[in-house]
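In full-length UniProt numbering, the protein residues as written are 1 to 329.
Now the structure itself:
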């Protein structure tokens, strides 16, 4: 089974340096968020700028009318799943998290750092004032927060979603890279042979998701060995009628054996009473997101406190050589 790597980091946390170090040791190609957006735009004949705008404002009023973010997400997933069938790849960014969190053959790594460290790096790399640097960091953090909140509404900041958390302000680039290499080897040893079935199921679900999102249907799709489960995520009129219509469309796709439609968490039937959805205000949710990231950083810093004080070793040729055949296959 081919192992892939997804590295997602906050801005100004030395994430790019860690990615470059991994490339120098493994030789794997890097696919960034921009690469995925451009590939999706080229395949589905949509301007890359439009896809990027939909992703950066997933909860905007325009998206509620056009469902642009749902289509953009479906397009990105389709492109990413095709990449997973090729050589081992390093995915750098957050666009692939909806898929990479669910597949067992992908190692998810989060790179974090203390706010003060990030601010100092921003001042060092950008010719801006401290106020402008804080604004840049806050804007990028809010963009990531909005994307993750829209994508993972059930538990958007799950601490168990990442296989490894790197405190880049405590660890050097080489030390962090060696930790990732060790986890890659462990993941390769523990890999099961049914990952191909997982990938086929996700490709089937992605194909159906693209079809339904282009029709403007507020439906999420899951597949397992030809059995399709569609979940209606928003309130609609005549749920039974919509379910029959969707099932007729999906059942015509090759490989589909059974179709099931059910109401999701955010669905409610219209009646004479006004229904309300009580979500956390955006500012409160963003503060929760920030505290969660700080908690992940503190736990990782405590876990790797010995490595932070230990001199860097240079005897990592053996694990790199063991990964090399996988990278070339």
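Just so you know, even glycine gets a beta-carbon here, dropped at the ideal spot from N, CA and C.
For residue i, the residue or residues it bridges with in DSSP
{"i": "residue 230", "result": "221 and 261"}
{"i": "residue 108", "result": "6"}
Contact check, residue i vs residue j, beta carbons under 8 Å
{"i": "residue 171", "j": "residue 304", "result": "yes"}
{"i": "residue 166", "j": "residue 179", "result": "yes"}
{"i": "residue 210", "j": "residue 228", "result": "no"}
{"i": "residue 219", "j": "residue 163", "result": "no"}
{"i": "residue 6", "j": "residue 100", "result": "yes"}
{"i": "residue 176", "j": "residue 12", "result": "no"}
{"i": "residue 188", "j": "residue 55", "result": "no"}
{"i": "residue 217", "j": "residue 237", "result": "no"}
{"i": "residue 297", "j": "residue 16", "result": "no"}
{"i": "residue 181", "j": "residue 96", "result": "no"}
{"i": "residue 81", "j": "residue 225", "result": "no"}
{"i": "residue 221", "j": "residue 261", "result": "no"}
{"i": "residue 151", "j": "residue 86", "result": "no"}
{"i": "residue 75", "j": "residue 103", "result": "no"}
{"i": "residue 14", "j": "residue 129", "result": "no"}
{"i": "residue 223", "j": "residue 205", "result": "yes"}
DSSP three-state assignment for residue i, whether helix, strand or coil
{"i": "residue 32", "result": "strand"}
{"i": "residue 91", "result": "strand"}
{"i": "residue 330", "result": "Not covered by the structure: residue 330. The range shown for the chain is 1 to 329."}
{"i": "residue 166", "result": "strand"}
{"i": "residue 319", "result": "Because residue 319 sits at a pLDDT of 45, beneath the cut-off of 50, its placement in the model cannot be relied upon, and the following sentence gives the value as read from the coordinates. Here residue 319 sits in helix by DSSP."}
{"i": "residue 11", "result": "coil"}
{"i": "residue 254", "result": "coil"}
{"i": "residue 85", "result": "coil"}
{"i": "residue 215", "result": "coil"}
{"i": "residue 202", "result": "helix"}
{"i": "residue 294", "result": "helix"}
{"i": "residue 327", "result": "Low confidence applies here, because residue 327 scores a pLDDT of 41, under 50, leaving its location unreliable; read the following figure in that light. Here residue 327 sits in helix by DSSP."}
{"i": "residue 124", "result": "helix"}
{"i": "residue 114", "result": "coil"}
{"i": "residue 301", "result": "helix"}
{"i": "residue 348", "result": "Any question about residue 348 goes unanswered here, given that the chain covers just 1 to 329."}
{"i": "residue 102", "result": "coil"}
{"i": "residue 312", "result": "Legend: pLDDT at residue 312 = 48, less than 50; position of this residue unreliable, no value from coordinates given."}
{"i": "residue 45", "result": "coil"}
{"i": "residue 237", "result": "coil"}
{"i": "residue 57", "result": "coil"}
{"i": "residue 172", "result": "coil"}
{"i": "residue 20", "result": "helix"}
{"i": "residue 67", "result": "coil"}
{"i": "residue 177", "result": "helix"}
Of the residues the options, the one placed nearest residue i, counting alpha carbons only
{"i": "residue 69", "options": "84, 89 and 40", "result": "40"}
{"i": "residue 90", "options": "21, 246 and 203", "result": "21"}
{"i": "residue 105", "options": "94, 97 and 191", "result": "191"}
{"i": "residue 207", "options": "249, 287, 57 and 299", "result": "249"}
{"i": "residue 200", "options": "295, 291 and 254", "result": "254"}
{"i": "residue 42", "options": "25, 57, 78 and 26", "result": "78"}
{"i": "residue 23", "options": "173, 75, 258 and 240", "result": "173"}
{"i": "residue 139", "options": "8, 280, 294 and 57", "result": "57"}
{"i": "residue 285", "options": "143, 242, 230 and 205", "result": "143"}
{"i": "residue 197", "options": "48, 44 and 84", "result": "84"}
{"i": "residue 160", "options": "302, 107, 53 and 133", "result": "107"}
8 Å contact criterion, which residue i and residue j should meet: CB distance rounded
{"i": "residue 213", "j": "residue 67", "result": "7 Å"}
{"i": "residue 94", "j": "residue 141", "result": "11 Å between Cβ atoms; not a contact."}
{"i": "residue 19", "j": "residue 30", "result": "6 Å"}
{"i": "residue 289", "j": "residue 145", "result": "5 Å"}
{"i": "residue 28", "j": "residue 88", "result": "5 Å"}
{"i": "residue 300", "j": "residue 112", "result": "7 Å"}
{"i": "residue 10", "j": "residue 293", "result": "7 Å"}
{"i": "residue 119", "j": "residue 134", "result": "7 Å"}
Residue-chain proximity (residue i, chain C), Cβ-Cβ < 8 Å
{"i": "residue 138", "result": "Absent here is chain C; the protein component of the structure consists of one chain."}
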